[in-house]
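Following: one structure in structure tokens, then a few remarks.
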Amino acid sequence: MNADPSIGPLSRAIDATDSVSFAVPARAGSAVGDLKDNRRASREAASRQPRSNTMLPSPVLLPSVLPTERLLESGKPRPEVRAQLRRIPDLRNAATILGAYLQWIGLLGAAAMVPRVVVWVVVFVLMVRIFGLLGVLGHEAVHGLLFTNPRINRWVGRWLLAYPILLPFDLYQRAHLNHHRDELGPNDVDLNVYDACPMEPSSFGRKLLRDLCLVSGWKVLRSLLRDLRNRKAEIRRILVVQAALLAGFALIGHPEFYVLLWLLPWMTLWRLVTRLRLIAEHGGLTRSKDRRLTTHHIRQGLLPRFWMVPYNIGWHLAHHVDMGVPFRNLPALHGELVASGWITPGLEHKNYFTLWRSAVRSELQETLVEE
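Each number in the numbering used here corresponds to the 1-based position in the sequence shown with 1 added.
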């Protein structure tokens, strides 16, 4: 998930000189259009250049073992195996969405019933989990994997999952599927985040500070408001949902919750977590048909799965091998890749902190990196 969660343009980790815009594309021949063309050309040229300081695994960790009896050369399961892994359980997914909403309501109920600062701080932090739950389920809908009925899948993905977290579903879908089509290619919306790794610790710290101090969040929110002036229908739909949320908070006697326990965590902690997750997914890697060179695999612990990478989105290498496999079956697909010998033990980062440490060193010394 890139985007991100969760994800895509609104999950983009923003540098100080970046701006995220969902405005109408510039006309050909305009100054803005020329600037965008120049930037695109620069990115295309950069994507073709060999990178000397990356987080790429050593070739000895990339054995050529495919195809096998169960996997194709790309790593995708053969049709008879894939048929099992691609089943979409409509009722279970509906229950999962309900469960996410109940967790959201439960947190807000706790904040309303126990109006103490310490409780509100805990709820503020745990809202990141709620954004992650809705974002990852919205990501499933983007891939058409939430419900077997496409109309239900799209409606739920838009109105119940994406719009509450201020994510333009249709725009995100286009950007995210393009991300899968050419991972880390010149048009990958989050390429600037991936290519920044590894980085100096001071640079990493400044980025995280901007996330926590509303700089990144304000740029994303400002882009939404700018597109409202451009009469973008999807942005108006998002604002309708946000107005409904504000009305709901007012009905329970706490309109301030919308700002304090929804918008502020979205503009701060969620921006920081999104940046960290993007780095963990593809940071420092390269454009390649071999997904082991585009996507990291990290051992999945209970805490990150609870707070940052729910619903198996942390099995991200398996997701990029076959984006048609629903989230419930990503661990099974990962198991197939391990059993084949395609994913080796040395390819796995032992936890998220070891990966982030390697992402902020100017001189990498991790065993996963070819020096």
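For glycine and all other residues, C-beta sits at the position ideal for the given N, C-alpha and C.
If you're wondering where the values come from, they're calculated on a predicted model, not measured in any experiment.
Ranked by how close their Cα comes to the Cα of Leu127, the residues Gly249, Gln301, Leu261 have Leu261 in first place. Remark: C-beta atoms of Val194 and Arg276 approach each other more closely than 8 Å.
Per DSSP, the unbroken alpha helix (DSSP H) holding Trp357 starts and ends at 353-360.
One thing to note: Ala176 has its Cβ no nearer than 8 Å to the Cβ of Arg155.
In the DSSP assignment, Asn179 falls within the alpha helix (DSSP H) that extends over 170-182. When secondary structure is reduced to three states using DSSP, Ile253 falls in the coil class, being assigned neither helix nor strand.
The alpha-carbon separation between Asn188 and Tyr173 amounts to approximately 14 Å.
Annotation: Arg117 to Val124 spans about 11 Å, alpha carbon to alpha carbon. When DSSP states are grouped into helix, strand and coil, Ile98 belongs to the helix group. In the DSSP assignment, Leu167 falls outside any alpha helix (DSSP H), carrying neither H nor E. Looking only at Asn150, Pro68, Leu109, Val119, the smallest Cα-Cα distance to Ile89 is reached by Asn150. The C-alpha of Thr295 lies about 15 Å from the C-alpha of Ala360.
Taking Ala111 as reference, the option from Trp316, Met268, Ile253, Met309 with the minimal CA-CA separation is Ile253.
Between the alpha carbons of Lys220 and Arg227 lies a distance of about 10 Å. Look at the beta carbons and you see the region 280-297 not touching the region 256-271: under three pairs across the two are nearer than 8 Å. If the five residues before and after Pro64 are omitted, its C-beta is found closer than 8 Å to the C-beta atoms of Gly342, Trp343, Thr345, all from its own chain and listed in chain order. Nearest in C-alpha terms to Pro169, of all of Gly136, Asn179, Val82, is Gly136.
Checking the DSSP bridge columns, you'll see Pro78 partnered with Leu72.
Of all C-beta pairs linking the region 157-169 to the region 230-240, three or more are shorter than 8 Å, placing the two stretches in contact. Under the 8 Å Cβ criterion, the region 333-341 does not count as touching the region 92-103, having fewer than three qualifying pairs.
Under DSSP, Glu349 takes part in a beta bridge, and its partners are His298. Residue nearest to Arg358 within the set Ser289, Gly206, Arg230, Glu70 is Gly206 (criterion: CA-CA distance). Gly315 and Gln301 have their C-alpha atoms some 7 Å from each other.
In this structure, the beta-carbon distance from Leu62 to Leu286 does not fall below 8 Å. The continuous stretches of alpha helix (DSSP H) do not include Glu201, and DSSP gives it neither H nor E.
Ala101 and His255 do not touch by the CB rule: their CB atoms are close to 21 Å apart, not below 8 Å.
Counting only runs of 4+ residues, the alpha helix (DSSP H) found wholly inside the region 271-343 occupies 303-308, 317-322, 331-340, in chain order. For Gly133, same chain residues with a beta-carbon under 6 Å away, outside a window of 5 residues either side, are Pro311 in chain order.
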